[in-house]
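Asker: This structure is in structure tokens; I'll ask about it shortly.
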Amino acid sequence: MASRSARLPETPGSIAKQQWLGSTSQPQMGGIDMNELLDRILTAHGGLARWRNFTEVRATIVTDGAFWGIKGLVQDQAPRRMTVGLRQQRASVTPFGAPDQKTAFSADRIAIEKLDGTIVAERSNPRAMFDGHEMTTPWSPLHRAYFNGYALWTYLTSPFLLALPGVGVEEVEPWNEGGQVWRRLRATFPAGIATHSDKQDFFFDSELNLRRHDYNVDVAGGFDAAQYVDDTVDADGIRVQTRRRAYRRGPDGRALTDVVMVAIDLSDISFT
């Protein structure tokens, strides 16, 4: 399996650490004793009780950015429909590669399928596809499908994924962003969750809106990323950030904003 880097600085003293319920289990939302700040954040985003009423979120996505060209991929501006599971780690985007195709993502399998379910391509243990990859290593459609699946699952379940069993959460030093002080939660993810990297930072403003998300892109050589999120909307009582812009992150923690690596715009969001 491709390694997950842990380049975010270590801070001792976890506020909330829970036992992972077995590496083969699908993660289930909720069920931990949350620290006070995380509890307030989840309440501000609609509350864990409301979140538990839903099993799925759908959104229209438009994607852009320099990252795709670096990977030898062509990115168009066509809207696509993203579906993300809230009870298990699964996701699908339609269309993908052809008008009659979609993806089927889970942590241990990625597939490209026809709309009738016929398999076009698939791979078990998909993380192993990225062994030895660097920033400029070209990607195939399956590489892209896996990245899209885990990344959009991460984004569309944030910040509620911080309440998953096995996710360690601690508050670390606040961050000054353009004169604003943002509080910061550092998450440590277990191996059973497919995501960018083991350690990730989530930044929240004075109204507890998610504003920034830092991680290492382990499937692309582990480069440091800072993703800014804004344009918050209410979707079925859940607060969702609809504009995401990811940049490379410098040694001082500041985003290198000269090049947008990945741009994601979300609309028509609904929970069921």
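If you're matching positions, the sequence shown starts at 2 in my numbering and goes up one per residue.
Glycine is no exception: its CB is placed at the ideal position from the N, C-alpha and C atoms.
Using 8 Å as the Cβ pair cut-off and three pairs as the minimum, do the stretch 100-115 and the stretch 56-67 touch?
Answerer: No, because fewer than three Cβ pairs between the stretch 100-115 and the stretch 56-67 fall closer than 8 Å, the two stretches do not touch.
Asker: Is the CB-CB distance between residue 240 and residue 47 below 8 Å?
Answerer: Cβ distance < 8 Å, so residue 240 and residue 47 count as in contact.
Asker: Would DSSP call residue 142 helix, strand or coil?
Answerer: It is helical.
Asker: List the residues that DSSP assigns as beta-bridge partners of residue 234.
Answerer: Answer is 241, bridged to residue 234.
Asker: Counting pairs of Cβ atoms below 8 Å between the stretch 134-152 and the stretch 212-231, do you hit three or more?
Answerer: With the cut-off at 8 Å, the stretch 134-152 and the stretch 212-231 touch.
Asker: If you drop the 5 nearest sequence neighbours on each side, which residues of the same chain put their C-beta closer than 7 Å to that of residue 63?
Answerer: Taken in chain order, the residues that qualify are 78, 80 and 266.
Asker: Decide if residue 100 is buried, meaning its Cβ has at least 16 other Cβ atoms within 10 Å, or exposed.
Answerer: By the neighbour-count rule (16 or more Cβ atoms within 10 Å), residue 100 is not buried but exposed.
Asker: Give me the DSSP bridge partner(s) of residue 213.
Answerer: DSSP lists 204 and 229 as partners of residue 213.
Asker: Closer than 8 Å by C-beta to residue 142: which residues in its own chain qualify, once you throw out the five before and the five after it? Chain order, please.
Answerer: Cβ neighbours of residue 142 beyond the five flanking positions: 97, 98, 113 and 122.
Asker: Going by the DSSP bridge assignment, what does residue 250 pair with across the sheet?
Answerer: Per DSSP, 256.
Asker: Using DSSP with H/G/I as helix, E/B as strand and the rest coil, what is residue 88?
Answerer: Reduced to three states, the DSSP call for residue 88 is coil.
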